[in-house]
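Okay, structure first, notes after.
There are 4 protein chains.
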Amino acid sequence: MAGNTIGKLFTVTTYGESHGLALGAIVDGCPPGIELSEADLQLDLDRRRPGSSRYTTARREADEVKIQSGVFEGKTTGTPIGLVIENTDQRSKDYSAISQVFRPGHADYTYHHKYGVRDYRGGGRSSARETAMRVAAGAIAKKYLAQAYGIEVRAYLSQLGPIKAQQVDLTEVENNPFFFPDVTKLDELDQYMRDLKKRGDSIGAKVTVVATGVPVGLGEPVFDRLDADLAHSLMSINAVKAVAIGDGFDVVEQQGSEHRDEMTPDGFASNHAGGVLGGISSGQPVIAHLALKPTSSIMVPGNSIDVDGKATEMVTKGRHDPCVGIRAVPIAEAMMAITLMDHALRQRGQNGAVTVSTPTLSMNDQ
Amino acid sequence: MAGNTIGKLFTVTTYGESHGLALGAIVDGCPPGIELSEADLQLDLDRRRPGSSRYTTARREADEVKIQSGVFEGKTTGTPIGLVIENTDQRSKDYSAISQVFRPGHADYTYHHKYGVRDYRGGGRSSARETAMRVAAGAIAKKYLAQAYGIEVRAYLSQLGPIKAQQVDLTEVENNPFFFPDVTKLDELDQYMRDLKKRGDSIGAKVTVVATGVPVGLGEPVFDRLDADLAHSLMSINAVKAVAIGDGFDVVEQQGSEHRDEMTPDGFASNHAGGVLGGISSGQPVIAHLALKPTSSIMVPGNSIDVDGKATEMVTKGRHDPCVGIRAVPIAEAMMAITLMDHALRQRGQNGAVTVSTPTLSMNDQ
Amino acid sequence: MAGNTIGKLFTVTTYGESHGLALGAIVDGCPPGIELSEADLQLDLDRRRPGSSRYTTARREADEVKIQSGVFEGKTTGTPIGLVIENTDQRSKDYSAISQVFRPGHADYTYHHKYGVRDYRGGGRSSARETAMRVAAGAIAKKYLAQAYGIEVRAYLSQLGPIKAQQVDLTEVENNPFFFPDVTKLDELDQYMRDLKKRGDSIGAKVTVVATGVPVGLGEPVFDRLDADLAHSLMSINAVKAVAIGDGFDVVEQQGSEHRDEMTPDGFASNHAGGVLGGISSGQPVIAHLALKPTSSIMVPGNSIDVDGKATEMVTKGRHDPCVGIRAVPIAEAMMAITLMDHALRQRGQNGAVTVSTPTLSMNDQ
Amino acid sequence: MAGNTIGKLFTVTTYGESHGLALGAIVDGCPPGIELSEADLQLDLDRRRPGSSRYTTARREADEVKIQSGVFEGKTTGTPIGLVIENTDQRSKDYSAISQVFRPGHADYTYHHKYGVRDYRGGGRSSARETAMRVAAGAIAKKYLAQAYGIEVRAYLSQLGPIKAQQVDLTEVENNPFFFPDVTKLDELDQYMRDLKKRGDSIGAKVTVVATGVPVGLGEPVFDRLDADLAHSLMSINAVKAVAIGDGFDVVEQQGSEHRDEMTPDGFASNHAGGVLGGISSGQPVIAHLALKPTSSIMVPGNSIDVDGKATEMVTKGRHDPCVGIRAVPIAEAMMAITLMDHALRQRGQNGAVTVSTPTLSMNDQ
């Protein structure tokens with residue numbers, strides 16, 4: 001029931017099943033006059049694309065996006081932007097075996113019971129393929145935010161299974177197939193993934209997203225807080241099981257004198273809050289962390305049932321990511337950008353512009 | 001700008017500042033024919049009330065709620081339910097000192113820059129006092145869910161600073177002022193809070209909320225997923241910095257063969273997912289965990305600035321909770337109930353009733 | 001089910017039954033820094049109040065509005081504005097006779113079948129009394145529009161039964177109890193209403209609302225057009241059966257060469273369009289007309305049925321307006337103002353301000 | 001800014017310019033299990049198509065719709081339905097002459113000032129071509145309403161310029177190119193249109209839409225009333241300047257004893273209300289009338305200005321409907337169906353099903 005739209009002033013509505021004819025989106029609310037081409041979107045789509053490295057699913061699609069409307073002579077017109085990606089690599093026969101059984105840990109079971117029918121091919125609507133349109137829409141938001149505010153949204157893989165990034169060098173993130181910011185761990189990651197693949201198992205991951213250049217004032221208390229809306233948009237990504245802002249669960253053991261970010265005439269002295277106070281951006285970098293579960297599409301046999309409730313054993317064959325968290329990096333950027341853009345437009349609705357009456361602080365501490 | 005409403009079919013809109021005339025809410029979308037009285041709401045309001053124990057703020061208000069509309073001869077009529085709580089204990093003079101300075105870690109700074117003006121008395125709209133109306137509205141949702149589906153929503157304090165509940169006995173939660181489910185730790189908690197109070201500092205906490213009896217099928221992929229909407233509603237609670245569903249951040253180090261909840265003809269074999277698969281409830285208990293930061297209203301001096309950007313030192317005087325996480329227990333229940341009720345009504349919109357075509361599984365593993 | 005909110009960035013949510021404890025509203029999204037007092041709202045409430053003339057219902061209530069929140073030191077703070085009017089004149093016993101029967105032409109029948117239960121006292125939620133909160137909220141919008149844009153919203157009774165205003169003198173509207181702009185017809189109106197009252201019957205009316213000073217650019221095609229949203233908000237007023245923009249139904253017989261409003265360097269040459277082209281305000285006065293049906297609460301006996309479907313005869317006793325259209329004048333102003341303010345804020349969200357790239361036209365032809 | 005979505009539980013979002021690559025829509029919230037094929041949609045698209053008679057625009061496009069998602073093995077799955085129509089007949093060069101001038105009575109002027117840029121080719125987004133997607137989405141709603149409730153939505157041209165239908169024979173509507181229900185006037189209509197075409201002028205029209213089989217109980221007072229939402233959706237159609245429910249503006253001169261629809265054990269005695277009482281459907285046919293203005297795209301020269309504000313004379317060349325009201329017939333059906341379906345789902349959300357506690361009345365009087 002009508003749950004495929006996100007945003008209030010900048011809205012993204014998507015459609016598409018893994019093995020349907022096409023994926024599509026309508027991006028509504030983009031202000032006019034922004035330079036926009038398909039190449040702007042393709043860049044992030046290529047980062048997300050399966051098959052971009054040997055660690056992600058072997059499915060290969062060009063994922064070529066077409067802008068159907070809303071752009072005229074190279075600029076947005078303020079009217080809705082229609083986006084389409086044709087599905088070219090469908091191989092439906094791979095999936096016929098799973099039409100009558102539920103894969104443990106998958107949405108098969110819940111879709112079946114919610115809707116009565118389901119497009120079982122490749123997970124249908126519950127497939128990670130759906131996120132391609134988020135990335136395309138997010139690329140529009142990223143472009144707008146950069147142009148209108150100088151906001152930059154960057155994500156990276158901060159942990160893969162037991163391997164944590166000890167140092168964060170953003171300039172390295174795009175240089176390795178893991179989007180990993182710590183080059184000293186790349187060999188270890190490579191070895192870990194080889195072993196995992198050999199065992200046919202999968203692994204969870206943690207992704208960190210940071211937006212810099214965010215002005216003070218975005219977010220509408222008390223329900224449409226910036227952090228609450230970010231929690232919504234980031235948790236809506238497939239496989240995400242937790243969202244943290246700033247210090248996240250670490251705050252449980254912190255004392256107030258440690259957690260509060262003190263202020264000086266030169267700026268905030270720290271950023272435990274992750275750039276949000278009282279649901280409103282503080283002018284510091286907005287920082288979020290996501291936990292992504294290990295995919296359940298694995299080759300290790302598991303107990304399950306079929307649609308009649310009878311016991312069966314499942315082994316997922318075919319092409320699957322051993323770590324969906326890797327490809328989640330551009331998706332997380334996209335969702336944070338979409339939410340920030342929505343709030344930037346809402347704040348403009350209020351004040352005409354994001355302006356402040358007294359000098360504001362900022363500090364790029366992360 | 002218009003951010004004080006939550007929900008789509010069951011909507012809750014609130015108003016009210018800490019030291020204004022009154023707090024109020026409009027609860028719209030409650031089906032007709034539900035028995036409802038002020039006593040139903042008062043029960044949870046009393047659980048949340050400041051001053052209910054020596055560990056929470058000393059502010060004492062009756063927090064007596066009045067139902068202004070929507071109930072006739074003891075039953076809901078399907079029309080909006082107006083709720084009001086008069087503010088009786090205002091003591092405005094306590095707060096005049098903070099009108100020109102920002103408390104570090106508070107929303108003072110962001111409200112000031114977003115709106116230009118702010119009601120600085122007691123935090124104004126950013127005060128935790130705002131949550132009283134969430135609790136009142138949540139009590140309506142809890143009553144509906146129990147009556148229509150047999151759903152029960154229960155929360156407890158799972159960690160306070162370094163002290164974790166090792167065992168969870170829900171029957172003990174209401175027997176101690178901490179809503180703590182592990183009676184073996186009560187003395188330790190008591191001692192910890194005394195020390196904390198002596199030092200004038202505050203501490204973070206973790207709250208766990210569990211809904212049992214939830215049918216399979218609630219949640220609308222891909223953006224209005226049940227887990228995404230829960231993340232939104234729970235993160236919108238004051239001081240919450242992280243929300244986890246099921247195993248949350250633990251999934252980062254889990255392998256797929258460990259994480260996936262296997263299914264047998266007798267039910268799910270585990271509940272790592274926290275009752276949500278693909279954004280849709282699975283019929284298992286829905287489990288969420290929240291991290292609440294330590295309040296910044298502490299008596300330990302801290303560096304800050306005033307509205308002109310000049311350095312100052314802040315000490316918060318007056319009545320404040322050393323651990324806001326304790327009182328968050330009924331608030332977390334309320335927000336989960338509000339979101340579940342919204343989704344229950346949405347699912348009914350789709351199927352006419354929450355019905356399933358094949359036998360569903362459930363398992364009360366938490 | 002959750003249908004008591006209007007607007008997207010400027011939202012008004014209301015509650016209250018005719019004979020409940022109170023009427024209330026939450027006005028969310030009002031920008032900060034607007035001077036606002038209860039007196040601003042009371043002015044329009046007094047214009048709408050029953051008993052303000054001998055032609056309207058004899059029910060007499062002070063309708064004294066209280067601002068509960070959102071205003072601090074005389075100015076809006078950007079947080080939600082809570083409004084309450086206590087019901088003081090309830091006389092419930094008058095209405096007990098109608099609890100088991102349906103008044104023909106009333107909402108009794110549809111409320112009964114939709115909800116199963118209904119507050120039958122004075123029409124409950126379907127009473128025109130509900131509109132008091134619209135007027136209070138509209139007064140806030142009118143103040144904002146005047147201050148921020150110089151927009152003025154004025155309504156008048158353009159026809160009562162067979163009596164049409166031949167000339168429109170806005171300065172006379174507030175000088176007579178009919179809000180009638182044609183002083184030459186006042187005696188005729190007075191005589192007509194006396195006769196009507198004698199017969200115990202009621203009469204329909206036409207109300208015209210005009211907003212001047214509206215900038216070009218308000219309205220969001222294709223569904224949230226300004227005219228479509230005005231149609232929604234004006235049709236939502238009790239007893240309204242038709243809404244027209246500009247020439248309305250007269251366009252059916254117009255030719256294109258007659259209807260189109262030609263443009264010259266000095267402005268539009270006419271305003272058949274009523275100030276809206278393609279769903280967007282043109283800079284001309286925005287003009288709407290409403291048709292209000294004659295109330296069914298009359299003393300002329302009529303055939304009806306009771307809740308068991310048995311035939312009965314109905315005569316409505318008690319205090320009722322013979323022409324509800326008269327009191328609809330301030331209500332129509334309020335609803336147009338609410339919709340215009342919502343769109344003004346939405347347009348600001350888009351462009352930062354309502355600015356135009358080339359000189360715009362305007363013409364105060366109505 | 002984000003105004004291209006209609007509906008709350010059944011939502012339709014559209015994109016597309018007259019001369020862009022394609023038109024598209026996302027229909028979200030359609031319940032699963034409904035049989036649906038492209039042929040179901042094509043039927044109404046063909047009724048609306050330009051060039052279907054010699055009286056409408058000579059532009060000829062196949063308007064072949066493709067369902068991209070949401071349907072699997074011939075049935076809806078409950079996931080969003082993506083629709084696309086490729087634009088095949090674009091002839092952009094026809095329109096270059098109007099890029100720097102405003103056509104009087106057109107949206108050129110308001111789009112230009114709202115957005116700063118506009119796709120001037122064929123009216124861009126403001127073109128009636130946009131309504132193709134409404135018709136496609138409406139066909140889905142019509143199918144659902146018929147199947148789930150036995151609701152039928154039918155429209156016809158009730159007046160063209162001075163020529164009114166004196167008798168209404170719905171079986172004749174599809175037999176003539178005017179969708180006219182009075183066969184005795186067909187020759188007169190034909191002659192009128194020939195004369196009009198010769199003069200190069202255009203004419204207004206009135207369309208009537210009737211939904212039969214609507215159960216009692218649809219509509220959510222007080223703002224989301226069924227009649228208010230119908231006013232919104234019908235007024236959002238290009239060229240519509242007025243919407244009336246039931247007797248519409250005739251109620252201005254009616255007395256209460258005449259207007260009220262009396263009830264007997266056998267049903268309502270009349271239907272002046274048009275099937276809506278208090279914003280809720282009464283079980284009678286829902287009747288609406290629309291006024292459509294004469295298009296401003298005519299060959300009669302008119303005064304206008306260019307983008308620099310200089311005077312110019314305009315003559316619209318190219319292919320244009322002399323009466324856009326004719327093609328509005330299937331569009332009006334579509335919009336009423338979309339709104340009824342949205343409310344049907346909302347009501348199901350409330351009561352689980354559209355059920356009533358006592359016998360309901362109905363009467364097919366129109």
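Chains as they are written, first to last, in the UniProt record's numbering: chain A, 1 to 366; chain B, 1 to 366; chain C, 1 to 366; chain D, 1 to 366. Beta carbons: idealized from backbone N, C-alpha and C, even for Gly. As the structure is a computational prediction, the values presented were derived from the model and not from experiment.
The beta strand (DSSP E) that contains Ala137(B), what's its start and end?
Counting along the chain, Ala137(B) falls outside any beta strand (DSSP E), though it belongs to the alpha helix (DSSP H) covering Thr131 to Tyr149.
With DSSP collapsed to three states, give me the class of residue 376(B).
No information on residue 376(B) is available, as it lies outside the stretch 1 to 366 that chain B covers here.
Do you know how far the Cα of Phe268(B) is from the Cα of Ala137(C)?
Whole-angstrom Cα-Cα distance: 52 Å.
Under the rule that 16 or more other beta-carbon atoms within 10 Å means buried, what is Pro181(D), buried or exposed?
By the neighbour-count criterion, in which 16 or more other beta carbons inside 10 Å mark a residue as buried, Pro181(D) falls on the buried side.
Apart from the five residues just before and just after Val354(A), which ones in its own chain have a Cβ nearer than 6 Å to its Cβ?
Low confidence applies here, because Val354(A) scores a pLDDT of 42, under 50, leaving its location unreliable; read the following figure in that light. For Val354(A), where only same-chain residues beyond five positions count, the Cβ hits under 6 Å are Pro215, Gly217 and Gln347.
On a CA-only basis, which of Ile151(D), Thr208(D) and Gly150(D) is nearest Phe178(D)? Give me that one, please.
It is Thr208(D).
Would Leu340(C) pass as an interface residue toward chain E - the criterion being a Cβ-Cβ separation below 8 Å?
The displayed structure is made up of protein chains A, B, C and D, and chain E is not among them.
Which whole-angstrom value describes the C-beta separation of Ala291(B) and Ala242(B), a residue pair presumed to lie in contact below a C-beta threshold of 8 Å?
About 4 Å separates the two Cβ atoms, so the contact holds.
Taking 8 Å as the threshold (beta carbon to beta carbon), is Leu226(B) in contact with chain D?
With 8 Å as the cut-off, Leu226(B) does not count as an interface residue toward chain D.
Helix, strand or coil for Val251(A)? Go by DSSP, reduced to three states.
Val251(A) falls in the helix class under three-state DSSP.
Under 9 Å between beta-carbons, which chain B residues line up against residue 375(C)? List them in chain order, please.
Coverage of chain C is limited to positions 1 through 366, which leaves residue 375(C) absent and any answer about it impossible.
Buried or exposed, going by whether 16 or more other CB atoms sit within 10 Å of the CB of Gln68(B)?
With 16 or more Cβ atoms within 10 Å of its Cβ, Gln68(B) is classed as buried.
Would you kindly report the start and end of the unbroken alpha helix (DSSP H) that includes Glu38(A)?
Counting along the chain, the alpha helix (DSSP H) containing Glu38(A) begins and ends at Glu38 to Arg48.
Where Met193(B) falls: helix, strand or coil (DSSP):
DSSP places Met193(B) in helix when its eight states are reduced to three.
Cβ distance (whole Å) where Thr5(A) is taken to contact Asp28(D) below 8 Å
Taking a contact as a CB-CB distance under 8 Å, the pair Thr5(A) and Asp28(D) counts as one, their CB atoms being some 7 Å apart.
Are three or more beta carbon pairs between the segment 318 to 330 of chain D and the segment 148 to 168 of chain D nearer than 8 Å?
At 8 Å Cβ cutoff, the stretches touch.
Helix, strand or coil, according to DSSP, for Gly274(D) in the structure here?
Gly274(D): coil per DSSP, three-state reduction.
With C-beta atoms as the reference, is Val79(D) less than 8 Å away from Arg125(A)?
Contrary to the premise, residue 79(D) reads as Thr rather than Val in this sequence. The beta carbons of Thr79(D) and Arg125(A) sit closer together than 8 Å.
Neighbourhood of Lys66(B) by C-beta, 6 Å cutoff - its chain only, sequence neighbours within 5 removed
Excluding sequence neighbours, Lys66(B) sits near Val84.
For Ala353(D), the three-state DSSP class (helix, strand or coil)
Its pLDDT being 43, under 50, Ala353(D) is placed unreliably by the model, and the measurement read from it follows with that caveat. Three-state result, Ala353(D): coil.
What residue range is occupied by the uninterrupted beta strand (DSSP E) comprising Ala22(A)?
Counting along the chain, the beta strand (DSSP E) containing Ala22(A) begins and ends at Ala22 to Asp28.
Beta-carbon proximity check, Asp227(B) vs Met263(A), cutoff 8 Å
No, these two residues do not count as a Cβ contact at 8 Å.
Would you identify the three-state DSSP class for His343(D), choosing helix, strand or coil?
Helix.
Quick check: what's the CA-CA separation for His320(B) versus Ala139(A)?
Taking the straight line joining both Cα atoms gives about 44 Å.
Could you say if the segment 104 to 121 of chain B and the segment 266 to 285 of chain A meet the contact criterion of at least three C-beta pairs nearer than 8 Å?
Judged by pairs of C-beta atoms under 8 Å, the segment 104 to 121 of chain B touches the segment 266 to 285 of chain A, as three or more such pairs exist.
On the three-state DSSP scale, how would you describe Ala155(C)?
Of the three classes helix, strand and coil, the one that applies to Ala155(C) here is strand, per DSSP.
Given 7 Å as the limit, tell me if Glu172(B) has its C-beta closer than that to any heavy atom belonging to the ligand COA.
Of the ligands one can find in the structure shown there are none, so the ligand COA has no counterpart to examine.
Could you work out which residue in Val252(C), Arg48(C) and Cys30(C) is closest to Tyr115(B) when comparing CA atoms only?
Of the candidates Val252(C), Arg48(C) and Cys30(C), the one whose C-alpha sits nearest the C-alpha of Tyr115(B) is Cys30(C).
So, at 7 Å on beta carbons, what are the nonlocal neighbours of Ala337(D) in its own chain, with the 5 sequence-adjacent residues on each side left out?
Around Ala337(D): Gly138, Ala141, Lys142, Leu145 and Val153.
Let me see if you follow: with CB-CB separation under 8 Å, is Ala205(A) close to chain D or not?
Answer no: the Cβ-Cβ gap between Ala205(A) and chain D never drops below 8 Å.
If the cut is a Cβ gap below 8 Å, which residues of chain C does Val214(D) touch?
Result: empty, since nearest Cβ-Cβ is about 12 Å, beyond 8 Å.
Beta-carbon gap between Asn303(B) and Pro104(B) smaller than 8 Å:
With respect to the 8 Å criterion, Asn303(B) and Pro104(B) are classified as neighbours on the basis of their beta carbons.
Can you confirm whether Val209(C), when its beta carbon is compared against all beta carbons of chain D, has any partner nearer than 8 Å?
The Cβ of Val209(C) sits no closer than 8 Å to any Cβ of chain D.
Helix, strand or coil at Tyr120(C) [DSSP, three-state]
Here Tyr120(C) sits in coil by DSSP.
Interface residues of chain D facing Ala155(C) [CB-CB closer than 7 Å]:
In chain order: nothing, as chain D lies at least about 15 Å away.
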